[in-house]
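So for the sequence shown, the working numbering puts the first residue at 20; every next one is plus one.
Note that beta-carbon positions come from the ideal geometry of N, C-alpha and C, so glycine has one too.
Please read these numbers as outputs of a predicted model, since none were measured by experiment.
Everything below concerns the one structure shown next.
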Amino acid sequence: MEDIERDWDKPITEAGIAAKASVIVRVGMLDLGAGTGSFRVREMMHRIAYPLGVHVRADVNLTDIEAACTDGHDRITEVVDLPTTGVNTERIWLLEHFADWFNVNLGSGSMYHSRTEVSEGLMQHLDQRDASQVSADLSKQLRKERKENKSRHDMWDQAAEADDDPVLDALEQAERARSGSEHAQTAAPLDMRDINRAEHEHNSQEERKAEYRAEHEHTAPSRRERCDEVRERRIARRLERTQHPPKGEYASHFDHVGQRPEHRRGVTVRQAHERLDMIEHRKPLYSPAFAGLASACACAAFVFLLGGGPYDMIGAFVGAGLGHWLRRRLFVHHLNQFFVTFVCVSVAALACTGMLRLIGLFDPVALQHDTAYIGAMLFVIPGFPMITGGLDMAKIDFPSGIQRVAYVLCIVLIATLAGWMVASIVHLNPQGFEPLGLNPVVNCLLRMVFAFIGVWGFSVMFNSPQRMCLVAAVIGMITDTLRLEIVDMGVPAEAGAFIGALLAGLLASAWRSSVRRGLLPPHLGYPRICMTVPSIVIMVPGMYMYRAMFYLGAFDTLHALDWAFRAFMVIICLPIGLVMARVLTDKSWRYDV
């Protein structure tokens with residue numbers, strides 16, 4: 020701590036290894052606490068360490084990081100532990116912008132976003148509650164400035180073409196030919212005679228250019244300056260065409276060759292930690308009441324996609340809304356996560372059953388919908404650790420992957436056990452949902468609507484900004500509807516889950532690439548994981564998992580194993596689909612290096 024305090028106001032590139040490591044490890048800690056997997060935490064730490072000249076070797080688990088940092092002269096090892104785990108997609112998104120802001124200010128290129136001005140603006144307005152709106156305003160301002168500059172450049176080009184100077188054009192052609200010869204020198208070295216001849220031609224060209232400028236210095240200064248400006252702009256455009264940014268999200272991790280140098284403004288240790296403080300202590304975007312409403316909408320939509328009717332959806336809406344609202348209120352007091360899960364699932368199941376009993380006073384048919392309370396429990400599905408655990412194991416990081424899978428199994432076990440106990444107390448006998456008998460076209464359209472609502476609700480529960488929620492909802496609407504339709508055609512549910520997850524990963528990659536290439540506004544450049552996980556959480560077979568526990572509680576082991584293996588096959592197909600999408604679209608996943 021004394022070493023960090025001594026370097027607190029120094030540029031971080033000039034600080035000691037302790038100050039540098041404090042920023043590197045803290046970025047990894049914040050990313051890990053937001054719910055990402057170890058592969059992404061390591062990538063983020065390396066992204067911060069690279070411009071500092073620091074090498075990092077990190078062991079990342081579910082709630083702790085052990086990182087050894089060295090700059091070639093000194094070495095330090097830091098260990099951080101998190102009290103619990105959770106999901107915060109807004110933090111994941113802001114940390115991406117922090118990494119870009121950090122790298123650009125230290126002279127490296129941007130990796131995540133094509134317009135670094137958005138990252139710069141966000142880091143200056145972290146005190147704003149809605150960072151998504153700030154980025155949208157910055158993007159709009161940049162688009163407006165780009166249009167104004169384009170119109171002004173077009174006007175100058177027209178003026179230059181109308182008042183063109185053949186001598187300047189000849190000089191520009193000679194300069195272009197000379198630059199071509201310089202490139203040839205790089206490709207194939209010349210002998211001394213060719214070098215002398217090239218230098219003589221270059222000196223002669225410079226003398227002719229100086230004579231022409233001296234001759235016209237007093238006759239047409241305005242035209243000469245205007246033509247010089249046009250020529251410089253043409254050269255800048257050629258540079259932009261020849262210097263392309265590296266392709267792929269991780270392609271430029273250790274390679275910034277070909278990028279134009281950025282202005283080095285520098286970052287002090289204090290500035291880096293102040294921005295990380297503001298990212299860490301940001302309040303949730305949504306109140307417990309609004310998050311409960313989103314949970315209610317998501318679970319009600321989930322019930323329809325599982326085959327439930329209006330009464331089932333109403334019961335799930337009430338139970339899930341109340342259960343998630345209570346969970347948010349209890350988490351404020353830092354209570355044990357498994358205890359909170361058990362209490363909230365029990366409350367949700369009882370509230371759903373009570374709502375259906377109340378409706379049964381007016382319509383006795385509602386009393387037959389015993390399966391609805393399963394839908395009210397689905398808000399506790401640990402989608403993020405389930406998917407990131409599979410992705411970690413795909414990157415051969417088994418310690419982190421196994422820990423995440425074990426955490427998922429504990430949450431699922433606690434939730435299904437609580438639901439089974441409620442069912443035993445109130446004598447529920449879930450046998451599945453009755454067929455709705457809808458027209459296939461109408462059913463497909465309703466699936467699209469409720470898939471959109473369900474993914475939107477889960478995104479809100481993950482603390483995603485509204486624009487991110489809508490993007491994930493569109494991807495989920497397409498992928499989940501396709502999955503359900505092909506399953507109805509006879510495709511196995513496991514294959515349908517794989518195809519749905521694969522398509523979700525491809526769509527998220529296409530969206531990210533479109534933003535990177537300028538086809539979409541820069542403020543819509545969201546992390547892939549923030550778009551894919553909410554869109555496939557709705558594919559998790561919560562009904563299968565609960566039925567396995569229900570039959571296990573009734574000591575019907577044959578049916579329990581049957582439903583457990585069905586759930587297992589669907590669950591493992593979801594991360595496999597995402598991994599295949601990353602392998603197809605990302606070089607760092609395609610090769611083992």
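- With a contact defined as Cβ atoms closer than 8 Å, P553 and V474 qualify at about 5 Å.
- Bridge pairing for C88: V75, I95 [DSSP].
- A contact between stretches requires three or more CB pairs, one per stretch, nearer than 8 Å, and the region 306-314 fails this requirement with the region 444-455.
- Judged by DSSP in its simplified three-state form, D389 adopts coil rather than helix or strand.
- Linking E115 to P594 through their CA atoms gives a straight-line distance of about 23 Å.
- Residue environment: P541 is assigned as buried (16 or more neighbouring CB atoms within 10 Å of its CB, all protein chains considered).
- Comparing C-alpha distances from L432 to each of M396, V384, Q450 shows the shortest one belongs to M396.
- Between the alpha carbons of I415 and C488 lies a distance of about 31 Å.
- About 6 Å separates the Cβ atoms of D28 and T287, confirming a contact at the 8 Å cut-off.
- V366 and F350 have their C-alpha atoms some 15 Å from each other.
- Ranked by how close their Cα comes to the Cα of A586, the residues L377, C363, L71, P511 have P511 in first place.
- The beta carbon of R601 is closer than 7 Å to those of G524, W608 in its chain, skipping five residues each way along the sequence.
- Burial check for G509: the Cβ neighbour count within 10 Å stays below 16, so the residue is exposed.
- Cβ contact annotation for I67 (same chain, cutoff 7 Å, sequence separation greater than five): V42, I43, V46, A118, F121, in chain order.
- At a Cβ-Cβ threshold of 8 Å, C318 and I472 do not count as neighbours.
- When rounded, the separation of the alpha-carbon atoms in V427 and G409 is 11 Å.
- Taking the CA atoms as reference points, E85 sits about 12 Å from S57.
- Here DSSP, grouped into helix, strand and coil, assigns T104 to coil.
- Taking each of A514, M480, L522, F517 in turn and checking the Cα distance to V493, the smallest one comes out for L522.
- Looking at E136, A87, Y563, G537, the one whose alpha-carbon comes closest to that of F452 is Y563.
- By the Cβ rule, the region 527-536 does not count as touching the region 336-349, because fewer than three pairs are nearer than 8 Å.
- By DSSP's assignment, D83 forms a beta bridge with D100.
- Shown here, T55 sits in coil according to DSSP, grouped into three states, outside any helix or strand.
- Nearest neighbour of V123 by Cα position, chosen from Y570, V137, R423, R502, turns out to be V137.
- Apart from sequence neighbours up to five positions away, the residues of its chain that approach G285 with a beta-carbon distance below 6 Å are P30, ordered along the chain.
- Judged by DSSP secondary structure, M562 falls within the alpha helix (DSSP H) whose first and last residues are 561-572.
- An exposed status is given to R94, since fewer than 16 other beta-carbon atoms sit within 10 Å of its beta-carbon.
- Spatial neighbours of M568 in its own chain (CB-CB distance under 8 Å, excluding positions within 5 residues in sequence) are listed in chain order as L432, T435, L436, G438, W439, A579.
- Judged by DSSP secondary structure, W475 falls within the alpha helix (DSSP H) whose first and last residues are 459-480.
- Rounded to whole angstroms, the gap between the alpha carbons of W582 and M130 is 44 Å.
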